[in-house]
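Residue numbering for the sequence shown follows this note's numbering, beginning at 8 and increasing consecutively. This report concerns only the one structure given below.
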Amino acid sequence: MALSVEEAGALLGISRDLAYDLVASRQLPSVRLGRRLVVPR
8 MALSVEEAGA
18 LLGISRDLAY
28 DLVASRQLPS
38 VRLGRRLVVP
48 R
């Protein structure tokens, strides 16, 4: 199961922009599924 970056950010209590920044800096693990970027649960 995986969450969107927005959903992961909401669960962590951080903004959408910060969640994407953490993904970009590899501090938040993510996987690209086609065009979609998801965070493993």
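Where is the CB? At the ideal position from N, CA and C, for every residue including glycine.
What first and last residue would you give for the alpha helix (DSSP H) that runs through residue i?
| i | result |
| --- | --- |
| L19 | V12 to L19 |
Where do the N-terminal and C-terminal ends of the beta strand (DSSP E) with residue i fall, by residue?
| i | result |
| --- | --- |
| L44 | R43 to P47 |
| L35 | Element bounds for L35: n/a, residue is neither H nor E. |
Tell me residue i's beta-bridge partners as DSSP assigns them.
| i | result |
| --- | --- |
| L29 | Paired residues: none, contrary to the question. |
| R39 | L44 |
Does the distance from the CB of residue i to the CB of residue j come in under 8 Å?
| i | j | result |
| --- | --- | --- |
| S45 | A26 | For the record, residue 45 in the displayed sequence is Val; it is not Ser. Against a cut-off of 8 Å, the Cβ pair of A26 and V45 comes out as no contact. |
Which same chain residues end up closer than 7 Å to residue i when comparing Cβ atoms and leaving out the 5 residues on each side of it in sequence?
| i | result |
| --- | --- |
| R43 | none |
| P36 | V46 and P47 |
Please list, in chain order, all residues of the same chain as residue i whose beta carbon is under 6 Å from its beta carbon, the five residues on each side excluded.
| i | result |
| --- | --- |
| M8 | R48 |
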